[in-house]
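Novice: My questions will all concern the structure given below.
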Amino acid sequence: MATLLYSANLNDCIARWREEGLMVFGPATTGGVSGFQEVKDAGSLDLDLILTRSTLKELFFPRTEPMLGYRIGKQQIETEEFRPPEGRRIIFGVRPCDAAGMQVDDALFDWDYHDEYWFRRRDSSVIVSIACTHADDFCMCTSLNLSPDSTKGSDVLLRPLLAGNGWQVEALTERGENALASISSLLKEGGDPTAPVADVPVKFDLEACRSWLADPENFESRFWKEISERCIGCGSCTYLCPTCHCFDIQDEGDTYKGIRRKNWDSCSFSLFTMHTSGHNPRATQSARWRQRIMHKFNYFSLKFNVNSCTGCGRCTRECPVDMGVTETLQAISTLQR
Amino acid sequence: MSIQEHYRSRAKELLSAGTVKMVIGYGAGSTPDRRRPVFITSPDEADRLVLDTTCRTNLSGYLLREGLLSDQKQVAVFLTVDGIRSLNVLAAESQLDTSQVLVFGFGIEGDQARAIEGERAADFKSVIAAAKEQRKSQPADELQEKLEAMTPKERFSFWEGEFSRCIKCYACRQACPMCWCRRCVVDNNQPQWVNTSSHTLGNLEWNLLRAFHLAGRCVECGNCSRACPADIPLHLLNRRMADEVQASFDHYPGMDEAQEPVLASFRKDDPETFIL
Ligand code: SF4
Ligand code: SF4
Ligand code: SF4
Ligand code: SF4
Ligand code: SF4
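In the order they appear, the protein sequences are chains L and E.
Here the first sequence stands for residues 1 to 337, numbered as in the UniProt record's numbering.
Here the second sequence stands for residues 1 to 276, numbered as in the UniProt record's numbering.
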C-alpha cells in the first residue's frame, strides 16, 4: 500500500496549507509566459506543462534584490539592511530537473560565504516535485545522471497515477513529512498503479566530455569558435537556467539616498569580465561560450563534485539562434572518437 | 529549380570563383521545425543551406561581426525586404559598405519562399518602394487597435504589466541589427545612466529608451519580439514609432543607403509641431 493524493483533493490541500499560514506556489501562466507564482487554488495551477518558461530559481534568487539602503540628512545618516522576506512556502509541482538545480546552487551559495538571501528562502520552503511522464525534444536529464523521477533537491516526490487522477506520495525529508502531516486527512492509502516515467534518451557521453574539457590542450581549440559562431550574446540561456547563479552588486541612487542591489548577471555579456583598464580577458563571444561550458562541466564539477546543469534543456529551447549546451556536449562527445 | 536549389548553386558558384568569402544563410536546426544561422565558407558546404518559410531571422546583424568586412572581401547574405532595408540603414549610418555585400533576396508569401530579383542593395529600390506603399494601407492589428483606444493611463498600465516580465537579458538588443553600438548606453556604468535592475522602473527605462533609439531606424523585421523570452510584444512599440515617423516625416527607413536618418537630419519643411 502506498500513500495517495487524488487530484480532487488538491484544492483542499492548498486551502489547508494556506490556513496554516503557508504560501503556496506552483506553475502558472500570465501574459502567455509560465513561471512559478503564488496560487490560491488548484484551478490556477498549470500542471500539464512539461516545464515552465522561467525557472524555480527566481523564488530563491530574484532578478533584483535590495540589500542595503541609506539616507543622508542634514544631521544624521540612516542606514537600513534589507532582509529576505519571512514566511514559509510550499512550492508545488516542481519538475525534478529544477529541484535538482536548487541543490546544485546550494553548494555555491554555501562555499566561501553562506548567502543568507538564498538560504533563508531555501530553509523556509518545501519543494513538492512531480515525476515527469512527458518530455520534449530538448529534455536531457538522463544525460546528466538524473532521471524524470529523480529525488534530488525535493522534499516530497509525487508520482502520477496511471489513471491520471492523482499521485503517489513519497516524503523525502523531515520538512516534506511535516508538510504532509498537515494534510494527512486528505491522503489515502491505495495500490493504484503509477504511470511510467517519460522516456528521455541520453544525448551525449558526459564522462568523455568532462575529460576533454579538463585537458588544458583543448582550451584554445578551434572548436570553440566554430560551435559558437552564431551566438549573439544575449543572456537568455543563463537567465532561464536553473543553475546559473551569477550576480552583480549595483548601487542605485544619489548623494542623499539610495539602495544597494543584487542583480542577475551573465557570462554571456561582454561587460561581465571587462576590466576598469578597458581590457577584456574574454574579448570574443566564443571565449564567453567556452566559459559557460567550462564553468558548468569542468570547474564546477571539479570543485563541488556535481555538474552545474540538470538537463532541463531551457538553454536550447529558448535560444534565438538555436544554440544551447546539448549541441556543444554532443559535438565534444564525437570529437573523442 | 526550387529557390533553395537556386541559391545553393549560386553559393557554390560564388565561393568556387572566390567572389565571396562567406555565405551567411540558414541551415537545419536542432529539431525538424527549427532553422539556425550558418556561415558557409567552402563550396562543398553549400548544400547545408536551407531556404523555406521557417527562415525568419534577419541575418544582416552578423555582417557587423568584428573584422568580418575589414579585408574588403565580399560576403553574401540571405535577406528579406526588411533585411535589405536594415542593410541600407547600416550603410546610411556608416556601419558597412554595401559594395562588399551580395544579397540573396527572398520573400515569404503564404506557404512559399520566393526569390527576389537583384543582387546589390541598390537593385531592390522598387521592391522597397512598394513595401512602403503597402505599409501605408496595412490595417492595424487587433491589439494595436485596442491600445489606441485606451486612455493614456490605461495604456501606461498595460505596458507596465508587459514590462514587469522583462528579465533584462537584452536579447531584444542583441538580436536587433539596428542595435549596433559597440557600447550600449545601459552598459555605461561610469556614470550609470540607466538602472540595471529588473524592477518596474528599470524595465520601463530600458524598454522605452530602446524604443526611442529605434525611432525612424527600426525596419520591423521582428527579430526583437522573436528573441524575447518574456514574450513582450515589442513590435507594437516599434510599430507605433514607425507610424509616427511615417506620418510626420513620410520617412520609411532603409529606402536606400543615401537616405538620411530622420532624427539626425534637418529639413526646412519639417513640421516641428512640438516646438512652440
Ligand atoms: S547561446 Fe543563445 S541564448 Fe545563449 S547567449 Fe548565445 S544567443 Fe543568447
Ligand atoms: S545549462 Fe541548459 S540544460 Fe543545463 S540546466 Fe542550464 S538551461 Fe538547463
Ligand atoms: S555559466 Fe556563466 S552565468 Fe552561468 S553560472 Fe557559470 S559563469 Fe555564471
Ligand atoms: S527593433 Fe526589432 S523589429 Fe526593429 S529592426 Fe530591431 S529587431 Fe528588427
Ligand atoms: S528580450 Fe525581452 S526580457 Fe530580454 S531585455 Fe528585451 S524586453 Fe526584456
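Backbone N, C-alpha and C fix where the C-beta goes; we use that ideal spot for every residue, glycine too.
A quick note: this is a predicted structure, and the numbers were derived from the prediction, not measured.
Which residues does DSSP pair with residue 76(E) in a beta bridge?
Specialist: 23(E) and 102(E).
Novice: What residues match up with residue 89(L) in a beta bridge as DSSP calls it?
Specialist: According to DSSP, which records beta bridges pairwise, residue 89(L) is partnered with 23(L) and 125(L).
Novice: So, with DSSP's three-state summary, where would you put residue 11(L)?
Specialist: Note: residue 11(L) maps to helix in three-state DSSP.
Novice: To the nearest angstrom, report how far apart residue 118(L) and residue 51(E) are at their CA atoms.
Specialist: Computed Cα separation, rounded: 47 Å.
Novice: At a CB-CB cut-off below 9 Å, which residues of chain E make contact with residue 234(L)?
Specialist: Here the neighbours are 169, 170, 171, 172, 173, 174, 175, 227 and 229.
Novice: Does residue 179(E) pass the burial test, meaning 16 or more other C-beta atoms within 10 Å, or should it be called exposed?
Specialist: Buried, because 16 or more other Cβ atoms sit within 10 Å of the Cβ of residue 179(E).
Novice: Tell me the DSSP bridge mates of residue 160(L)?
Specialist: Paired residues: 167(L).
Novice: Within 10 angstroms of its Cβ, does residue 90(E) collect 16 or more other Cβ (buried), or is it exposed?
Specialist: Buried, by the Cβ-count rule.
Novice: Determine, for residue 320(L), whether the minimum Cβ-Cβ distance to residues of chain E falls below 7 Å.
Specialist: Chain E contact via Cβ: present.
Novice: Helix, strand or coil: which one does DSSP assign to residue 280(L)?
Specialist: Residue 280(L): coil per DSSP, three-state reduction.
Novice: Please indicate yes or no: does the CB of residue 267(L) lie closer than 6 Å to some heavy atom of ligand 3?
Specialist: Yes, ligand 3 has a heavy atom inside 6 Å of this Cβ.
Novice: Can you tell me whether DSSP reads residue 316(L) as helix, strand or coil?
Specialist: Of the three classes helix, strand and coil, the one that applies to residue 316(L) here is helix, per DSSP.
Novice: Does ligand 1 have a heavy atom nearer than 6 Å to the CB of residue 232(L)?
Specialist: The answer is yes for residue 232(L).
Novice: Just verifying my parser: in three-state terms, what is the DSSP assignment at residue 263(L)?
Specialist: Residue 263(L) falls in the strand class under three-state DSSP.
Novice: Using a C-beta to C-beta distance shorter than 9 Å, which residues of chain E count as neighbours of residue 380(L)?
Specialist: With chain L represented from 1 up to 337, any question about residue 380(L) goes unanswered, as that position is not in the structure.
Novice: Taking just the CA atoms, how far does residue 112(E) sit from residue 172(L)?
Specialist: Going from the Cα of residue 172(L) to the Cα of residue 112(E) covers about 54 Å.
Novice: Of all the CB atoms in chain L, is at least one closer than 7 Å to the CB of residue 235(E)?
Specialist: No, residue 235(E) lies away from the interface with chain L (no Cβ there is under 7 Å from its Cβ).
Novice: With hydrogens ignored, establish whether the beta-carbon of residue 222(E) is closer than 6 Å to any heavy atom of ligand 4.
Specialist: Correct: residue 222(E) has its Cβ closer than 6 Å to ligand 4.
Novice: Go to residue 152(E), then tell me how far its alpha helix (DSSP H) extends in each direction, as first and last residue.
Specialist: Element bounds for residue 152(E): 152 to 164.
Novice: Between the alpha carbons of residue 71(E) and residue 154(E), how many angstroms are there, rounded?
Specialist: Computed Cα separation, rounded: 52 Å.
Novice: For residue 250(L), I'd like the list of residues in its chain whose CB is within less than 6 Å of its CB, leaving aside the five on either flank, ordered along the chain.
Specialist: Within the same chain, residue 250(L) has close Cβ partners 261 and 263.
Novice: For residue 297(L) versus residue 305(L), is the C-beta distance shorter than 7 Å?
Specialist: No.
Novice: Can you tell me whether residue 218(E) sits near ligand 4, meaning its C-beta is under 6 Å from at least one heavy atom of the ligand?
Specialist: For ligand 4, at least one heavy atom lies less than 6 Å from the Cβ of residue 218(E).
Novice: Decide if residue 255(L) is buried, meaning its Cβ has at least 16 other Cβ atoms within 10 Å, or exposed.
Specialist: Exposed, by the Cβ-count rule.
Novice: Between residue 103(E) and residue 120(E), which are expected to be in contact by the criterion C-beta below 8 Å, what is the C-beta distance as a whole number of angstroms?
Specialist: 7 Å between Cβ atoms; contact.
Novice: For ligand 5, is there any heavy atom lying closer than 6 Å to the beta carbon of residue 170(E)?
Specialist: At least one heavy atom of ligand 5 is nearer than 6 Å to the Cβ of residue 170(E), so yes.
Novice: Which word fits residue 77(L), buried or exposed, when buried means at least 16 other C-beta atoms lie within 10 angstroms of its C-beta?
Specialist: Exposed: under 16 other Cβ atoms inside 10 Å.
Novice: Identify, in the order they occur along the chain, each residue of the same chain with its Cβ nearer than 8 Å to the Cβ of residue 243(L), setting aside the five sequence neighbours on each side.
Specialist: Result list for residue 243(L): 57, 101, 104, 105, 296, 308, 309 and 310, in chain order.
Novice: Would a C-beta distance cut-off of 7 Å place residue 323(L) and residue 241(L) closer than the cut-off?
Specialist: Result no, Cβ atoms of residue 323(L) and residue 241(L) do not sit closer than 7 Å.
Novice: Would you tell me roughly how many angstroms separate the C-alpha atoms of residue 224(L) and residue 287(L), rounded to the nearest one?
Specialist: So the alpha carbons of these two residues sit roughly 7 Å apart.
Novice: CB-CB under 7 Å to residue 42(L), same chain, minus the five flanking residues each way: which ones, in chain order?
Specialist: Hits under 7 Å: 10, 11 and 14.
Novice: Grouping DSSP H, G and I as helix and E and B as strand, with all else coil, what is residue 195(E)?
Specialist: Three-state result, residue 195(E): coil.
Novice: Can you look up residue 38(E) in the DSSP assignment and give me helix, strand or coil?
Specialist: It is a strand residue.
Novice: Could you work out which residue in 40(L), 283(L) and 62(L) is closest to residue 166(E) when comparing CA atoms only?
Specialist: Nearest of 40(L), 283(L) and 62(L) to residue 166(E), Cα basis: 62(L).
Novice: What is the rounded straight-line gap between the Cα of residue 56(E) and the Cα of residue 27(E)?
Specialist: About 12 Å.
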